[in-house]
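Novice: Residue numbers (UniProt numbering): 1 to 855. Cβ coordinates follow ideal geometry from the N, Cα and C atoms, glycine included. Being a predicted model, the structure only gives us computed values, none of them experimental.
1) Assuming the contact rule is C-beta atoms closer than 8 Å, residue 3 and residue 103 should be a hit. Round their C-beta distance to whole Å, please.
2) Please state whether DSSP places residue 408 in a helix, a strand or coil.
3) Taking the C-alpha atoms as reference points, what is the distance between residue 698 and residue 716?
4) For residue 475 and residue 547, I'd like the C-alpha separation in whole angstroms.
5) Under DSSP, the alpha helix (DSSP H) around residue 599 begins and ends at which residues?
6) Select from 177, 464, 58, 713 the residue whose C-alpha is nearest the C-alpha of residue 119.
7) Assess, as a yes-or-no matter, whether the segment 222-240 is touched by the segment 261-272 under the definition of 3 or more beta carbon pairs within less than 8 Å.
8) Measuring straight from C-alpha to C-alpha, what distance separates residue 283 and residue 230?
9) With DSSP as the reference, please indicate the residues paired to residue 179 in a beta bridge.
10) Just how far apart, CA to CA, sit residue 349 and residue 291?
11) Could you have a look at residue 347 and say whether DSSP puts it in helix, strand or coil?
12) Any idea if residue 583 is buried or exposed, counting beta-carbon neighbours within 10 angstroms, 16 or more meaning buried?
13) Just confirm the distance between the C-beta atoms of residue 396 and residue 300, as a whole number of angstroms; I'd bet it's less than 8 Å.
14) Terminal residues of the continuous beta strand (DSSP E) containing residue 418?
15) Could you give the first and the last residue of the continuous beta strand (DSSP E) run that contains residue 240?
16) Identify, in the order they occur along the chain, each residue of the same chain with its Cβ nearer than 8 Å to the Cβ of residue 249, setting aside the five sequence neighbours on each side.
17) Tell me which residues share the same chain as residue 833 and place their Cβ nearer than 6 Å to its Cβ, disregarding the 5 neighbours each side in the sequence.
18) Please state the DSSP three-state secondary structure of residue 80.
19) Going by other Cβ atoms of all chains shown within 10 Å of its Cβ, with 16 needed for buried, is residue 64 buried or exposed?
20) On the criterion of 16 or more Cβ atoms from any shown chain inside 10 Å, does residue 77 qualify as buried, or is it exposed?
21) Can you list, in chain order, the residues of its chain with a C-beta nearer than 7 Å to that of residue 160? Leave out the 5 residues immediately preceding and following it.
22) Between residue 421 and residue 482, what straight-line distance do the alpha-carbon atoms span, to the nearest angstrom?
23) What is the rounded straight-line gap between the Cα of residue 671 and the Cα of residue 743?
24) Can you give me the Cβ contacts of residue 405 inside the same chain, cut-off strictly under 7 Å, excluding the 5 residues immediately before and after it?
25) Could you give the DSSP three-state label for residue 626: helix, strand or coil?
26) Roughly how many whole angstroms lie between the Cα atoms of residue 457 and residue 303?
27) Thinking C-beta only, is residue 484 closer than 7 Å to residue 512?
28) Provide the residue(s) that pair with residue 635 in DSSP beta bridges, ordered along the chain.
29) Does DSSP classify residue 36 as helix, strand or coil?
30) Taking only the alpha-carbon atoms, compute the straight-line gap between residue 497 and residue 617 and give it to the nearest angstrom.
31) So what's residue 229 in DSSP terms, helix, strand or just coil?
32) Check whether the segment 22-36 touches the segment 141-159, counting contact only when three or more Cβ pairs, one atom from each stretch, lie closer than 8 Å.
33) For residue 604, which three-state DSSP category applies?
34) Per DSSP, which residues does residue 323 bridge with? Please list them.
35) For a quick check, are the C-beta atoms of residue 611 and residue 657 less than 7 Å apart?
36) Based on the DSSP secondary-structure assignment, which residues constitute the bridge partners of residue 551?
Right under this line is the structure:
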C-alpha cells in the first residue's frame, strides 16, 4: 500500500560576517570545512550583473544529501518510492519534505531524514580588552582543538552582533568577541568548553570538576538551579553545568550521559576548594531519585523535540527535576523520562509535559486531495504532519496551526474525526457533573458531532469528536471544547493565614469563587526535606475553564490582599466574622548562622518548625538578602503562644558562637580585612569552613542586640555541637593570625547571643469577611507579595556581584547554564535509550505503520 507523509522543517542558516558587514575586522578564524562556498548573481543600476561569492552554513544541504542517497538506492532496486525536498522561499520560509512509498520505506526514510536534520546557530562570548590582549598561541591551539572536536567554526572579531538578524554598524571602541557557528548541539557543547579555557588561559583561573550523572545536576541545582547560584555567590567561583537536553539532533559527539561533570573555575585555589566542598556536601546529602516515564505518540514527540525545547527547560528549572528525551528520529523510543527526589515535583513536571502534549491535536479525514493539494494545505505550518493513504488523511499539529488546516479541509472532506488529549485528572472537569458541559456543547451544535472519551495511559485520555455530515459544526465544537478546557494557577500562601482567608465555614473564599467563577483549593504543605535553599511548596490552587482564565489573576490579587491584611492586622469590624490576632516577633539572624544552616543542609528544619507551630517565618531565600550587612532582622507571625515557641525552636537550631574582641584600629582593619582580604580568607575563613566546619564572621563594630560595652572589632566563630572538637584549633589559629598582624586581643569567650527581639503584638484583630473585597477596603499601598506564584523562567547567566570590589578586567563569578535558544553549557551526551511498549494508535481509517518513528 502506498503512503504519503508531508511535513515542514524549520530552515536556519549562518552567513560569514566578512561578507555581510565590511566594517568587521576578523582577527582569527578556524578552517574545519564547515563553511560552504556559494555564488549569487547581483545586478546594479547600470543593468550589469556580477557574480558574488560568499560562505554560508545551513541545514538544507544535509537534507538534500540524505534525500539524494535514499532516492539513488530506490532507483537501483527499481522501486517507485521517493523522497522530495522543496527548498524554502520568500512565501514559505520552511523546508517542505514529502515521502512517498510503502510502509517500510516511509519509516526508514523518515528516520534517515530526521537523523540528518539539525539547526544551525551561533554562540557569542564577549571578551574584555585585557582578555583579548592575552590571546596567545596556547589559547588558539586549544581553540582549534575544540573546534575540531565539536565540528564547528570559531571566529574572533571586533563585532559582538556579527550574527544578529539586523546588521548594525560596528561601534567605535574596543569590542572583542568569540563566535562559535555550526549545528545547535555542537555549538552548545563547544561553548562552555571555550568559556572554561577563557577562564583558565586568559584569566589564569584554577579549574577542577565534580563528576556526576547528568540526571543529578538539575536535582542538585534545585529550582532554577538556585543552589548552584548561591554556591557561586558565596564562594566567588564560576560554575559551569552541562547541557541538560543533549544530543537532541543526533550529534553523536558524546556517547552517554553518565560520566558528566560540573566544572568549577576560580581566581584563587581556596575559592575553588570551597565551592567543590559545598557541592560535594550537596551530593552526599542527596536522596534517591524517583523516576516516571511518559509515553507519547511519535508525531507529538518529534514536534516537542523540535519546537518545545525552551518549554522543557523551563519545566526542568521550575521543579528542579531532570527530563530525558530521545534523539530526533530515534527508533523504538517514544518515552520521556522524568527524574527527581521530591515526589510532588516529579508529578507536577509530568503534568506540565502532558500540558504541552495536550496542545497538539490530531484528526483523521476521509478526503480525495492529491499530493499537491495536501502540500498546499500545510505550507507555512511548522508543527503539522500530514499522513495519507488510499483510505484518507491523518493530520497532527499544534492547536493554532491545526485549526487552520482543519478549516481548509472541511470544505472537501466526507468525514472528520478529531482527537484531543488531556490529563486523566481533568476528565470530570471537562465533562461537568453528569456530563452537563458536554450536553450543553452538543445542544449548541445541534447534536451533529459525536463526542467520546477513551483511555490512553495512566496520565492521559482521549476526547474523540466525529462528524460525517454538516462538517462546519466540528470546528465550532472544537472551539467550544477549548473554552471548557482547564486553566490552573498554583502558588504558596503561608499556612498560618489559611483559616482567616478561608473564613467562617468557608464564607470568604466561597465569595471569591462565586465572584470570579473559579475554583480555589487550599492544602497543607508537606514538610520539605533538608535542602540548600528554602523552597515553599505550592499550597493554593486556582482552577477555572479557559474562557475565564483572566479571572484567576483577579482572584489571586484578592487573596494577596487578604494576606496583606493578615500581616498588617487590619481591623474591619463586621458581625459573624473570624477574629484572629497575629502576633509578630522580630528575630535577628546572623549571616554566619545562615551560611551554617544552608551549608549543612538544615533549612528543611525551618519548614518543619513553621508547620509544627503553625507560624510563618519570613526566612531569607538568598545570601543576597543580607546585602552588605552581617545580620538580618526577620519577622515571625502566628498566635501569641505558638509564635513564641516557634521562635524558641528556631533559636535551638542555630549554631553556637565564640567571640574575639580586638582593640579598635580602623586603618589596619581596612587594610587586612577589606582591601587585602584574600590572605585572611585563604588562611582562616576557607580552611575553617572546610576542615573544621566553623564559620568566621568579622565585624568592624560589634553586633549586639543588647547594650554592648567598649569600642572594638569583633570576630565570631559559629559552629554546631558536632564540630566543637575543632574549636580549640580554630581559636589557636585565629589568635596567631591576629597577633602576627599587630592586633591586641582584649577578650576571648563563649558568646551568649540572643536572637529574639522584644515581641510586637498588634492591638487590632483581623476580622475578615466579604467587605474586604470591596474597592474601598483594598490597600492603597503596593503589596509586597508573600505568595510566590511560580512563573516559567528562562535560564540566564547568573552573576556574582560583590558590593565593594576594585575594578578587575576578569569577569565576575557566575553560574553558567544557558539554554539552546540562548547560551548553553558543556559536555552533554546521548541519552540512554528506553524501549517502551508500542504506543496505542487510533484510526477510523487504516493508517500506515509508523510505530518505529520517534518524534
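Specialist: To lay it out plainly:
1) The beta carbons of residue 3 and residue 103 sit about 6 Å from each other, so the pair counts as a contact at 8 Å.
2) Residue state for residue 408 is assigned as helix, using DSSP reduced to three classes.
3) Taking the CA atoms as reference points, residue 698 sits about 7 Å from residue 716.
4) A direct Cα-Cα distance of roughly 17 Å separates residue 475 from residue 547.
5) If you look at residue 599, you'll find it in the alpha helix (DSSP H) that goes 591-599.
6) For residue 119, the closest C-alpha among the options 177, 464, 58, 713 is that of 58.
7) Three or more beta-carbon pairs separated by less than 8 Å link the segment 261-272 to the segment 222-240, which places the two stretches in contact.
8) CA-CA distance, residue 283 to residue 230, rounds to 15 Å.
9) The partner list for residue 179 (beta bridge, DSSP) reads 124, 155.
10) Cα to Cα, the separation comes out at about 11 Å.
11) If DSSP states are grouped into helix, strand and coil, residue 347 belongs with the helices.
12) The residue in question, residue 583, is buried, as its Cβ has 16 or more Cβ neighbours within 10 Å.
13) Beta-carbon to beta-carbon, residue 396 and residue 300 are separated by about 7 Å, close enough to satisfy the 8 Å threshold.
14) Where residue 418 is concerned, the enclosing beta strand (DSSP E) stretches over 413-423.
15) Under the DSSP assignment, residue 240 falls in the beta strand (DSSP E) whose first and last residues are 238-240.
16) Around residue 249: 117, 118, 119, 183, 184, 185, 327, 328.
17) The pLDDT assigned to residue 833 is 36, lower than 50, so where the model puts this residue is not dependable, and the model offers no usable value.
18) The DSSP-derived three-state label of residue 80 is coil.
19) That one is exposed.
20) By the C-beta density criterion, residue 77 is exposed, having fewer than 16 other C-beta atoms within 10 angstroms.
21) If we look at residue 160 and ignore the five residues flanking it on each side, its Cβ neighbours are 124, 126, 175, 177.
22) If I take the Cα positions, the gap works out to 12 Å.
23) Between residue 671 and residue 743, the C-alpha separation is close to 12 Å.
24) Cβ neighbours of residue 405 beyond the five flanking positions: 377, 378, 381, 384, 395, 397.
25) Three-state DSSP puts residue 626 in a helix.
26) Straight across, the Cα-Cα distance linking residue 457 with residue 303 is about 20 Å.
27) Their beta carbons are not under 7 Å apart, which means residue 512 does not touch residue 484 by this criterion.
28) Paired residues: 586.
29) In the structure shown, residue 36 sits in a strand (DSSP, three-state: E or B).
30) For residue 497 and residue 617, the distance between alpha carbons rounds to 12 Å.
31) DSSP places residue 229 in helix when its eight states are reduced to three.
32) In this structure the segment 22-36 touches the segment 141-159; the number of beta carbon pairs closer than 8 Å is three or more.
33) Note: residue 604 maps to helix in three-state DSSP.
34) Beta bridge pairing from DSSP links residue 323 with 338.
35) No, Cβ-Cβ distance for residue 611 and residue 657 is not below 7 Å.
36) Answer is none; residue 551 lacks a bridge partner.
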